[in-house]
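Mapping of the sequence shown onto mature numbering (1 follows the signal peptide of the UniProt record, and there is no 0): residues -20 to -1, 1 to 102, in sequence order. Glycine is no exception: its CB is placed at the ideal position from the N, C-alpha and C atoms.
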Amino acid sequence: MTARKLIVAALLTTALIGGAGCVHRIDIQQGNFLEPKDVDRVAVGMTRVQVRALLGTPMVADPFETQRWDYIYYLKRGRLADPIHRQFTVYFEEDKVVRVDRSDKASEKDGAATAQTAEKAS
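Written as structure tokens, this is what we have:
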């Protein structure tokens, strides 16, 4: 009987120790998720109001650099996946878009996968 208890205790201990390494990590989503089709619609000559209506409020509107809006997006899924980081910057002169910068040129497939991930995370 004691051998049986010892085996059960050993199996239980092994299961507990093995399960301790399987900690669930939540997805971390921060910033403005921008649809690629909306980003592509931003054009030189648009006003600040038009850009805000299309993309929403910028993540960073620097009080010292009022001619620049930064839209930043970050997504970290669990602990094993590589994080997704995107930045879209709009430059203004006299309240009109003069230039836009993208941190990456994501393909439509990549953007669609990120959109599905962003919907799941929210």
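Tell me, please, which residues DSSP counts as bridged to histidine 65. Here residue 65 corresponds to residue number 85 of the sequence shown, with the count starting at 1. Answer by DSSP bridge pairing, in chain order: Tyr54.
Pick from Val(-13), Pro43, Leu34: whose alpha carbon is nearest that of lysine 17? Working through the sequence shown from its first residue, we reach residue 17 at position 37. That would be Leu34, whose Cα lies nearest to the Cα of lysine 17.
Backbone secondary structure at threonine -7 - three-state DSSP: Translated into positions along the sequence shown, residue -7 becomes position 14. The answer is helix: DSSP assigns threonine -7 an H, G or I state.
Status (buried if at least 16 other CB within 10 Å, exposed otherwise) for arginine 66: Walking along the sequence shown from the start, residue 66 turns up at place 86. Counting Cβ neighbours within 10 Å, arginine 66 comes out buried, since at least 16 surround it.
Can you give me the C-alpha to C-alpha distance between valine 77 and isoleucine -4, rounded to a whole angstrom? To locate residue 77, count along the sequence shown from 1; it is residue 97. To locate residue -4, count along the sequence shown from 1; it is residue 17. Roughly 57 angstroms between the two C-alpha positions.
Using 8 angstroms as the Cβ pair cut-off and three pairs as the minimum, do the stretch 56 to 76 and the stretch 2 to 15 touch? yes
Please go through the same chain and pick out, in chain order, the residues whose beta-carbon is closer than 6 angstroms to the beta-carbon of aspartate 81, but skip the five residues on each side of it. Here residue 81 refers to the residue found at position 101 of the sequence shown. Answer for aspartate 81: Thr69, listed in chain order.
Identify the continuous beta strand (DSSP E) that holds glutamine 10 and give its terminal residues. One-based indexing of the sequence shown puts residue 10 at position 30. 8 to 11 is the span of the beta strand (DSSP E), which, as asked, contains glutamine 10.
Valine 24 versus phenylalanine 72: straight-line alpha-carbon distance, rounded: Translated into positions along the sequence shown, residue 24 becomes position 44. Translated into positions along the sequence shown, residue 72 becomes position 92. For valine 24 and phenylalanine 72, the distance between alpha carbons rounds to 9 angstroms.
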